[in-house]
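Position one of the sequence shown corresponds to residue 71 (this note's numbering), numbered consecutively onward.
Built from N, CA and C at the ideal position, the CB exists for glycine as well.
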Amino acid sequence: MFSLLDYGLRLAQYLDLMLLFGLPLFAWYSPAALTVSGDRRSLLPKRALSLGLLICAVLGLALVSIEIARNAAGIMGVAVSDLARDDLAWYLFDTAAGRAGLTRAFLLVLLLAVLGWQSQRAERPFPIRRVTLLAGVALVSLAWNGHAASGEGVSGTVRLVAGMAHLLAAGGWIGAIFALLILFVRHGKPAAGEGLHMLWRALHTFSRPGTVFVGVLVVTGILHYGDLVGWSIAPLFHSRHGNLMLLKLALFAAMLGLAALHRWWLVPRLERDIHTGVPSHSAQHLRLSVTIEATIALLILVSVAVLGTLSPHG
Numbered sequence: 071m072f073s074l075l076d077y078g079l080r081l082a083q084y085l086d087l088m089l090l091f092g093l094p095l096f097a098w099y100s101p102a103a104l105t106v107s108g109d110r111r112s113l114l115p116k117r118a119l120s121l122g123l124l125i126c127a128v129l130g131l132a133l134v135s136i137e138i139a140r141n142a143a144g145i146m147g148v149a150v151s152d153l154a155r156d157d158l159a160w161y162l163f164d165t166a167a168g169r170a171g172l173t174r175a176f177l178l179v180l181l182l183a184v185l186g187w188q189s190q191r192a193e194r195p196f197p198i199r200r201v202t203l204l205a206g207v208a209l210v211s212l213a214w215n216g217h218a219a220s221g222e223g224v225s226g227t228v229r230l231v232a233g234m235a236h237l238l239a240a241g242g243w244i245g246a247i248f249a250l251l252i253l254f255v256r257h258g259k260p261a262a263g264e265g266l267h268m269l270w271r272a273l274h275t276f277s278r279p280g281t282v283f284v285g286v287l288v289v290t291g292i293l294h295y296g297d298l299v300g301w302s303i304a305p306l307f308h309s310r311h312g313n314l315m316l317l318k319l320a321l322f323a324a325m326l327g328l329a330a331l332h333r334w335w336l337v338p339r340l341e342r343d344i345h346t347g348v349p350s351h352s353a354q355h356l357r358l359s360v361t362i363e364a365t366i367a368l369l370i371l372v373s374v375a376v377l378g379t380l381s382p383h384g
C-alpha cells in the first residue's frame, strides 16, 4: 500500500532526475541558450548551471537514499528505524529495484564529484557531455520503479528498452521546457535586446530535438503500454490505471498543442518582431505558454508517479 509520501518521493525523483538530465542536454544542443563559458552575455552562465545541477544531484542522492530505506523496510514489514543491516544488504544486492537504486546512488555520487571538481576550476570548459551521460544513465534506472522492468523474455526486454527511451525523451523535453522558462524569466522582456534574440535562437534550435522527443515518446509509449496490457484497449476504460492513463494522454495532447502553437505561430512572430524592431506581446505570450506547458508537464509526472504503482488490469 502506497502513501502520499511514497507518491511524493516518486514524483520528486522523476522531476529531479529529468531536470538533471534535460538541462545539460539542452545546453549541449543549444549552446546559444545555456552558454557554458564564462561569458556574461550568456543567457544562463556556467556558474548558475553548475550550481543548479549540483543542487539537483544532492537532492537526488537524498531521495534515492530515502526510497531505498523505505522500500527495504516495507518489504520486511518493519519501520525504517528497525531495518536490519542484513535485510538492507539483501534488498540492495538481491532485488532488481535495489540494484537499480544502488546504481542510481553511485552515479549521483560521481556526478557530485564531477560538478564539485568543476566548481573549483571555473576557468575550465564545463563537462557538459560527461554530466549529461551520467545523468541519463541515472534517469533510465527509474525504469525499475514501475512496470517497464516487470516483463519477461523478448517482449519484456522490448518493454524495458522502450521504458528507458521513454524516460530519456521525457527528460529531454521536460528539461528543455524548464530551461526555456528560466530563460524567459531572465531575458523575456521586450526591451531585452540581444538577450531576446538569443532567446529566439534557443527556441528555434529546440524545434528539431523537440520533434524527436515527441516521436520517441509516442512510439515507446505505444510499445510499452501495448506489451503491458496485451495489446488491448479495454483496460483503458475498465481500470483505474487505464483511466489515469487516459488523463495522462489528454495532458500529453495538450502539450503537443502548445508545442505546435510555439513552432508555427508564436516563435515566428517573435522572430518577426526582432527583425522589424516593432514591439509586441509575442515574448509575453510565449512566456505564458511555456509556463502552462511546464504546469502540464508537472501534472503528467504526478500521473506517472501514481501509474507505476497501479495494476494495469485492476
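Suppose the cutoff is 6 angstroms on Cβ atoms and the five residues either side in sequence are ignored; what does the same chain contact list for residue i look like?
i: arginine 111; result: Any reading at arginine 111 must be qualified, since the residue scores a pLDDT of 49, below 50, and its modelled position is unreliable; the value itself is stated next. Excluding positions up to five away in sequence, the list is empty.
i: alanine 232; result: Thr290, Leu293 and His294
i: threonine 275; result: Ser100
i: leucine 182; result: Ala127
i: alanine 249; result: Leu93 and Phe96
i: glutamate 341; result: Trp270
i: phenylalanine 39; result: Outside the modelled stretch of the chain, which goes from 71 to 384, sits residue 39, for which no answer is possible.
i: glycine 241; result: Met88, Phe91, Gly92 and Leu209
i: glycine 312; result: Pro305 and Leu306
Counting only the same chain and skipping the five closest in sequence on each side, list residues whose C-beta sits under 8 angstroms from that of residue i.
i: isoleucine 344; result: Leu266, His267 and Trp270
i: glycine 378; result: Arg80, Asn215, Gly216 and His217
i: valine 136; result: Rather than valine, the amino acid found at residue 136 in this sequence is isoleucine. The answer, listed in chain order, is Leu79.
Compare the Cα-Cα distances from residue i to each of the options and report the closest residue.
i: alanine 219; options: Ala82, Ala205, Leu204 and Ala235; result: Ala235
i: alanine 167; options: Ser211, Ala205 and Asp157; result: Ser211
i: alanine 320; options: Gly300, Leu369, Arg256 and Asp164; result: Leu369
i: alanine 132; options: Ala175, Leu158 and Pro305; result: Ala175
i: alanine 239; options: Arg278, Ala304 and Gly285; result: Gly285
i: phenylalanine 283; options: Asp297, Leu326, Trp301 and Asn313; result: Leu326
i: isoleucine 125; options: Asn141, Ala154, Trp98 and Leu185; result: Leu185
i: glutamine 83; options: Ala246, Ala205 and Arg155; result: Ala205
Exposed or buried, which one is residue i when buried takes at least 16 other CB atoms within 10 Å?
i: valine 372; result: buried
i: glutamine 188; result: buried
i: serine 352; result: buried
i: tryptophan 243; result: buried
i: glycine 147; result: exposed
i: threonine 202; result: buried
i: leucine 119; result: buried
i: valine 179; result: exposed
Kindly list the residues whose CB is nearer than 7 angstroms to the CB of residue i, restricted to its own chain and excluding five residues on each side of it in sequence; keep chain order.
i: histidine 355; result: Leu336
i: alanine 170; result: Ser211 and Trp214
i: isoleucine 145; result: Tyr161
In chain order, each alpha helix (DSSP H) run of at least 4 residues that lies wholly inside the segment 116-190: 116-146, 155-164 and 166-189
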